[in-house]
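In the numbering used here, the protein residues as written are 1329 to 1477.
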């Protein structure tokens, strides 16, 4: 009977790193929260501009306080941070406004989730709480709505 050799197969691209368990979770939190912090200072009437320097041949400079523009200009490797960037793009495509607000809101929810997980709260419990809070917010908005028609 011939012996079968089971050599490990590399499924990662060259130079890729593998993170496990708590390290991967913390890395995701840090990346997503950093994206929120990046655009948070652009919010509101006293929002600050960011200077974006293109890494291309022309080295163009853009000054903006638009969250969508900032997030389109940066390169993101962190998977959780990419989700926030993609969420901002969808908000821009669907609504055309509120890109910074949704990014900051999501990042702040993740910041609080990180604290709860550090206190050993299971992620599914956190998600359940978010769903209940969403339902309560919907009901409060419906109750406060006034029909002017």
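The beta-carbon is built from N, C-alpha and C at its ideal position, and this holds for glycine as well.
Predicted, not measured: the structure shown is a model, and the values here were computed from it.
Between the alpha carbons of residue i and residue j, how many angstroms are there, rounded?
| i | j | result |
| --- | --- | --- |
| residue 1360 | residue 1463 | 25 angstroms |
| residue 1440 | residue 1429 | 17 angstroms |
| residue 1420 | residue 1396 | 7 angstroms |
| residue 1355 | residue 1460 | 27 angstroms |
| residue 1414 | residue 1366 | 15 angstroms |
| residue 1383 | residue 1389 | 10 angstroms |
| residue 1442 | residue 1476 | 42 angstroms |
| residue 1453 | residue 1444 | 10 angstroms |
| residue 1458 | residue 1412 | 17 angstroms |
| residue 1473 | residue 1425 | 22 angstroms |
| residue 1468 | residue 1423 | 23 angstroms |
| residue 1449 | residue 1427 | 30 angstroms |
| residue 1405 | residue 1447 | 28 angstroms |
| residue 1456 | residue 1385 | 49 angstroms |
| residue 1465 | residue 1403 | 34 angstroms |
| residue 1451 | residue 1352 | 14 angstroms |
| residue 1362 | residue 1350 | 18 angstroms |
How would you write the range of the beta strand (DSSP E) that residue i sits in, first residue to last?
| i | result |
| --- | --- |
| residue 1443 | It is not in any beta strand (DSSP E) - residue 1443 instead sits in the alpha helix (DSSP H) that spans 1427 to 1446. |
| residue 1378 | 1378 to 1381 |
| residue 1390 | 1389 to 1392 |
Which residues mark the beginning and the end of the alpha helix (DSSP H) in which residue i is found?
| i | result |
| --- | --- |
| residue 1399 | 1395 to 1401 |
| residue 1462 | 1451 to 1472 |
| residue 1374 | Element bounds for residue 1374: n/a, residue is neither H nor E. |
| residue 1404 | Here residue 1404 belongs to no alpha helix (DSSP H), and DSSP marks it neither H nor E. |
Taking C-beta to C-beta, are residue i and residue j nearer than 8 angstroms?
| i | j | result |
| --- | --- | --- |
| residue 1293 | residue 1433 | Lying outside 1329 to 1477, the shown extent of the chain, residue 1293 is not represented and no answer is given. |
| residue 1431 | residue 1375 | no |
| residue 1392 | residue 1410 | no |
| residue 1299 | residue 1381 | With the chain running from 1329 to 1477 in the structure shown, residue 1299 is simply not present. |
**Inter-stretch contact at 8 angstroms, needing at least 3 Cβ pairs: the segment 1361 to 1375 / the segment 1387 to 1404** = Result yes; three or more Cβ-Cβ pairs closer than 8 angstroms.
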